[in-house]
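Structure first, commentary second.
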Amino acid sequence: MIDEGKPIFVQIAEQIEDDIIDGVYPAETQVPSTNEFAAFYRINPATAGKGVNLLVDDGILYKKRGIGMFVSDGARERLVTKRRDAFSVEYLRPLLAEAAKLGIGAEQLTHMIQAAADQRPATPEPRTTPSAASPSKGVRA
1 MIDEGKPIFV QIAEQIEDDI IDGVYPAETQ VPSTNEFAAF YRINPATAGK
51 GVNLLVDDGI LYKKRGIGMF VSDGARERLV TKRRDAFSVE YLRPLLAEAA
101 KLGIGAEQLT HMIQAAADQR PATPEPRTTP SAASPSKGVR A
């Protein structure tokens, strides 16, 4: 999972976000502890904590003192909205700008996207997370 071009704590936060969006961690469920992330990825617990705290600051996770971190109500919906907005800015706008430069109209672009979608795998590859590696958290399908 470690991408040398991106801070590790950001990658930890994104991994938790992905798992929330994918339904691995529904609202009010506990996420792996910073120590579990640190052990799994062989990183400093402070680094893992920094990633988790990004999500606490955004209201995605909350702390139950002495128990751990839990997914907030509405977290999945907030993350999906945030990711859709980012998708539009990071991918759709540049795609439309490039299509316009190349003289590709909306109908042709729609056909190109549909053809590409028809060739993609039906389901994403499963990821390995601390929850999958830790018997106390169960095995991820």
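Residue numbering for the sequence shown follows my numbering, beginning at 1 and increasing consecutively.
Glycine included, each C-beta is placed from N, C-alpha and C at the ideal position.
Nearest-angstrom beta carbon gap, residue j and residue i [assumed within contact, 8 Å]
i	j	result
D73	E17	So it is not a contact: roughly 16 Å between Cβ atoms.
I20	R76	5 Å
Cutoff 6 Å; reference residue i; Cβ partners in own chain excluding five residues on either side
i	result
E98	none
G49	T34
Q30	G68, F70
For residue j and residue i, the rounded distance between their alpha carbons
i	j	result
L109	E90	17 Å
F142	E14	Any property of residue 142 remains undetermined from this structure, which presents the chain solely from 1 to 141.
H111	P26	36 Å
A106	A38	47 Å
A117	V24	25 Å
I43	D3	13 Å
Opening and closing residue of the beta strand (DSSP E) in which residue i lies
i	result
L61	61 to 64
Residue interval of the alpha helix (DSSP H) (run including residue i)
i	result
I16	8 to 21
T110	106 to 119
Y41	34 to 41
Close Cβ partners of residue i (< 8 Å) along its chain, the five nearest in sequence each way excluded
i	result
P7	none
V10	G51, L54
As an exercise, report each continuous beta strand (DSSP E) stretch of at least 3 residues that is fully enclosed by the region 65 to 96, in chain order.
Fully enclosed beta strand (DSSP E) runs of 3 or longer: 68 to 71.
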